[in-house]
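With the working numbering, letter number 151 in the sequence shown gets 135, and the count goes up by one each step, no holes.
Take a look at the structure set out below.
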Amino acid sequence: MARHLEIRNLAPLSPYLNFDPSYLQTSQPEFIFPEGANRQRGRFELAFSTIGGSCMIGGGIGGVTGLIQGMKDTAVAGHTGKLRRTQLINYTMKQGARSANTLGVVAVMYSAFGVGLSWLRDTEDEINTLAAATTTGLLYKSTAGLRACMKGGAVGLALGVAYCAFTSKDKLQSWSSGN
């Protein structure tokens, strides 16, 4: 006797979850947002990726810088073999950790000021970005004296202006064209 097999859907079963993926509806949004909520992540949510990314970038740049400095210093000192390899690892790890820590601290300060300003002003705009960047530069260099503090604030403001100019190109173009 021949069996009659009903062929209804030939979509492959997921080997990991043991279900037919065709049952999932793909027309709905990937994330669920509360009704009336903004569909863009806020400053607080972005702070975590900013801090983590800054630490990773700082560690990478510092590691490469430490490796280059270690190559120069160990060559001048005449180190070879295991001693040189150990010294290179020490240079790389020490400078990588120092740079990651520095950029991480700056990112935490910037994020804290940015989140605080957005909650205080109840808006998110370029003014918050510029104020947070300037305040971060001022605070970061505040222990080095008034002149260094002002230079830090100027550097923070310059970086904030560059960031706003890069991320708000459409606003700048519409403003400059007079629309």
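Glycine is no exception: its CB is placed at the ideal position from the N, C-alpha and C atoms.
What three-state label does DSSP hand S158 in the structure shown? helix
Straight-line gap, E29 to L130 (C-alpha atoms, nearest Å): 33 Å
contact_flag[the stretch 79 to 89, the stretch 101 to 119] where n(CB pairs < 8 Å) is 3 or more: no
Assumed close pair Q71, G54 - CB separation to whole angstroms, cut-off 8 Å: The C-beta distance from Q71 to G54 rounds to 6 Å, short enough to meet the 8 Å contact threshold.
Can you tell me whether DSSP reads K135 as helix, strand or coil? helix
Below 8 Å, how does it come out for the stretch 24 to 44 and the stretch 94 to 104: are there three or more Cβ pairs, yes or no? yes
Please classify S161: is it buried, with 16 or more other beta-carbons within 10 angstroms of its beta-carbon, or exposed? exposed
Which listed residue (D154, G140 and G47) has its alpha carbon closest to that of Y75: In terms of Cα proximity to Y75, the closest of D154, G140 and G47 is G47.
Are K125 and A132 close, meaning C-beta to C-beta below 8 Å? yes
In this structure, how does DSSP classify S152 when only helix, strand and coil are distinguished? coil
In this structure, does DSSP put R25 in helix, strand or coil? coil
Relative to the alpha-carbon of G44, which residue among R105, C148, R25 and Q79 has its alpha-carbon at the smallest distance? Q79
According to the neighbour-count rule (16 or more other Cβ atoms, all chains shown, within 10 Å of its Cβ), is L67 buried or exposed? exposed
Excluding sequence positions up to five away, which residues of its chain have a Cβ less than 7 Å from the Cβ of G136? G121, L122, Y124 and K125
Buried or exposed: where does G144 fall if 16 or more other Cβ atoms within 10 Å of its Cβ makes it buried? buried
Are the CB atoms of R25 and E108 nearer to each other than 8 Å? Going by C-beta atoms, R25 is not nearer than 8 Å to E108.
Buried or exposed: S158, going by 16 or more other Cβ atoms within 10 Å of its Cβ? Within 10 angstroms of the beta-carbon of S158 lie fewer than 16 other beta-carbons, which makes it exposed.
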